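Structure first, commentary second.
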Amino acid sequence: MNNYRYQVGGTLTSDSPSYVERKADVELYHALKQGDFCYILSCRQMGKSSLMVKTKHRLQQEGFRCATVDMTNIGCDNITPEQWYKGVAGDLWLGFQLLGKVNLKTWWQEKKDISLVQKLSHFISQVLLAQFPNERLFIFIDEIDSILNLDFPVDDFFSLIRFCYNQRAINPEYNRITFAIFGVATPSDLILYRNHTTPFNIGKAIEVNGFTFEEAQPLALGLNIQGNHAQKVLQEILSWTQGQPFLTQKLCRLLVNLSKDDLGRKLKIPPGTEEFWIENVVRSHIIEKWESQDEPEHLRTIRDRILRNEQFAARLLGIYQQILQGIKVPVDDSREQVELLLSGLVIKKQGFLKIKNRIYEEVFNLEWVGKKLANLRPYYESFNAWVASKQEDESRLLRGQALIDAQTWANGKSLSNLDYRFLAASEELDRREMQQALEAERAKEVEARLAEEQKRLAQQRRSSRIVALLLLGMTIKLAISIVWGMSLLQKIDALQSRLRCNQIEHQGSVKTICN
205 MNNYRYQVGG TLTSDSPSYV ERKADVELYH ALKQGDFCYI LSCRQMGKSS LMVKTKHRLQ
265 QEGFRCATVD MTNIGCDNIT PEQWYKGVAG DLWLGFQLLG KVNLKTWWQE KKDISLVQKL
325 SHFISQVLLA QFPNERLFIF IDEIDSILNL DFPVDDFFSL IRFCYNQRAI NPEYNRITFA
385 IFGVATPSDL ILYRNHTTPF NIGKAIEVNG FTFEEAQPLA LGLNIQGNHA QKVLQEILSW
445 TQGQPFLTQK LCRLLVNLSK DDLGRKLKIP PGTEEFWIEN VVRSHIIEKW ESQDEPEHLR
505 TIRDRILRNE QFAARLLGIY QQILQGIKVP VDDSREQVEL LLSGLVIKKQ GFLKIKNRIY
565 EEVFNLEWVG KKLANLRPYY ESFNAWVASK QEDESRLLRG QALIDAQTWA NGKSLSNLDY
625 RFLAASEELD RREMQQALEA ERAKEVEARL AEEQKRLAQQ RRSSRIVALL LLGMTIKLAI
685 SIVWGMSLLQ KIDALQSRLR CNQIEHQGSV KTICN
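Using our numbering, the letters of the sequence shown map in sequence onto residues 205 to 719.
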């Protein structure tokens, strides 16, 4: 088909031959026809805007009036609430072709005494419904996630959508107006204050998935390959992309461009070589040096979404790393899992998170995750070694200042469960080793005191021996002194006795001489 063109990125026109109708097309069309408020919220480049354009065109072909409000057109920087609400009204005014019928500037000025959301409400009831009596009106709101960058909340806007739905029971005119919202967000992201009325709990969520083989049949028409085996080629393409719209269109266009020689003639892909041929194209033109080949940007969008918030990046990578390692990660709708899903890298499947396709798995592989985590985690090598040991090798855990640094880094961040287990195990080991060190220090102190006491006792014993020896010496001296004294006394007594005897003898001699 010479006029067949694959479109890589951007919104496909309603008559594009490469548009692929999916289950979501049928669900959205029928839900809107039934008057349901619908919302299509998923990751980027899943064909949401193309789905919107196609559905809008189909409804218009049936005679219904439709208008689109593109939130990126209204803006989110340096804008006031007044400008924002008036911008929404302006897009509706233009979309429903009211130029020349309603002077929006005058009308808006006349409503200056009421709130902004009430102005928009009156615009819907007094202008739109009044201008198109007995006609159904469909309002498509695209790029709704742009409101996340506003400096003020617009919860009242969603309350207005809910109000229009509730008014149907009171005023049947509101049955003629139906809303559909498209964007990259979750309902909880869009409503800032939880006490505000939300339309999402009465709306219908439309899920957009990758192309199935049956749905993707229109793409086979443009492959322009010699030989009647375009179906096999398409099957091999989907084996790499799992029907992701952007990648599928890109790979189809690559194959068409590469399957021509310099003269524009078709090159033949021999039957049976489709798998080899397509793998070669995927690796050489998408996976290898992907950051420089990623035009229009797709893979870098996923990378930036995961790494944009340092508070969550480590946990997102940690969860994704587990999936890569074959660990089953049950769906729990946590903030981190929601972010992974909105990045487009993973999908929900049978209650678990799975990598969306082979291209993502090859580009964002374990080596890539490891490098990014190494840049984020100050303890990456120790952590990996600990995990590799089945969380048993305590020598890999952090201690002392390294643990303090890791805890400081982790403060305020959302980490993986393994990170928290690693830090908890490190803290427990550090506490245990500190306790052991403290006990060892106490034992050392006790030993030192015991040694000092033993030294004191030994000194005391030496002193006692010296005292005993001194006492013994003194006792001996005293004994000698006593013996010597007694001997001296005896000599004195003997001497005194001789003196007395001599005196007596002398007295006797004198008496004799006198006689």
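Think of the CB as a built atom: it goes at the ideal place given N, C-alpha and C, for glycine as much as any other residue. All of these numbers come straight from a predicted model, not from anything done at the bench.
Identity of the residue in the options nearest residue i by Cα
| i | options | result |
| --- | --- | --- |
| residue 628 | 292, 611, 644, 511 | 611 |
| residue 594 | 374, 233, 626 | 626 |
| residue 535 | 321, 529, 544 | 544 |
| residue 286 | 312, 233, 212 | 312 |
| residue 568 | 656, 505, 333 | 505 |
| residue 250 | 350, 489, 274, 412 | 412 |
| residue 242 | 333, 632, 403 | 403 |
| residue 340 | 371, 414, 237 | 237 |
| residue 263 | 415, 284, 697, 229 | 229 |
| residue 410 | 220, 234, 244, 696 | 244 |
| residue 399 | 438, 359, 644 | 359 |
| residue 336 | 597, 547, 300 | 300 |
| residue 484 | 458, 346, 496 | 458 |
| residue 293 | 267, 492, 306 | 306 |
| residue 252 | 298, 622, 449 | 449 |
| residue 436 | 414, 653, 482, 502 | 482 |
| residue 167 | 645, 455, 417 | Residue 167 lies beyond the range of the chain shown here (205 to 719); nothing can be said about it. |
| residue 434 | 349, 474, 414, 657 | 474 |
| residue 453 | 708, 209, 619, 703 | 209 |
| residue 489 | 507, 451, 510, 583 | 451 |
| residue 518 | 583, 494, 460, 664 | 583 |
| residue 447 | 685, 414, 699 | 414 |
| residue 246 | 623, 705, 386 | 386 |
| residue 212 | 377, 510, 499 | 499 |
| residue 219 | 265, 248, 671 | 265 |
| residue 591 | 675, 460, 620 | 620 |
| residue 523 | 497, 487, 618 | 618 |
Paired residues, beta bridge with residue i - DSSP
| i | result |
| --- | --- |
| residue 343 | 271, 383 |
Start and end residues, beta strand (DSSP E) containing residue i
| i | result |
| --- | --- |
| residue 316 | Segment: none, residue 316 is in no beta strand (DSSP E) and carries neither H nor E. |
| residue 242 | 242–245 |
Start and end residues, alpha helix (DSSP H) containing residue i
| i | result |
| --- | --- |
| residue 486 | 478–486 |
| residue 219 | Per DSSP, residue 219 belongs to no alpha helix (DSSP H) and is neither H nor E. |
| residue 459 | 449–462 |
| residue 231 | 227–237 |
| residue 497 | 494–497 |
| residue 261 | 252–265 |
| residue 509 | 503–511 |
| residue 290 | 285–299 |
Residue-chain proximity (residue i, chain B), Cβ-Cβ < 8 Å
| i | result |
| --- | --- |
| residue 325 | In the structure shown, chain B cannot be found, because there is only a single protein chain. |
Practice task
Determine, using beta-carbon pairs with one atom in the segment 326–335 and one in the segment 244–264, whether at least three such pairs fall under 8 Å.
Solution key: no
Problem - Sequence ranges, beta strand (DSSP E) only - wholly within the segment 519–584, length at least 3 - result: 550–553, 556–559
Practice task
Assess, as a yes-or-no matter, whether the segment 440–454 is touched by the segment 559–577 under the definition of 3 or more beta carbon pairs within less than 8 Å.
Solution key: yes
Handout entry: Unbroken stretches of the alpha helix (DSSP H), 4 residues or longer, contained in the segment 361–433
Key = 391–394, 421–424
Problem - Those runs of the alpha helix (DSSP H) which lie wholly inside the segment 581–617 and span at least 4 residues - result: 584–592, 604–614
Practice task
Examine the Cβ distances between the segment 387–399 and the segment 418–438 and report whether three or more of them are shorter than 8 Å.
Solution key: no
Handout entry: the segment 328–346 / the segment 260–274 touching (three or more Cβ pairs under 8 Å)
Key = yes
Handout entry: the segment 600–609 in contact with the segment 629–639 per 3-pair CB rule at 8 Å
Key = yes
Practice task
Could you tell me whether the segment 361–371 touches the segment 316–324, where touching means 3 or more Cβ pairs closer than 8 Å?
Solution key: yes
Problem - Contact between the segment 569–582 and the segment 514–533 (3+ Cβ pairs under 8 Å) - result: yes
Handout entry: Any beta strand (DSSP E) of 3 or more consecutive residues that is wholly inside the segment 637–711
Key = none
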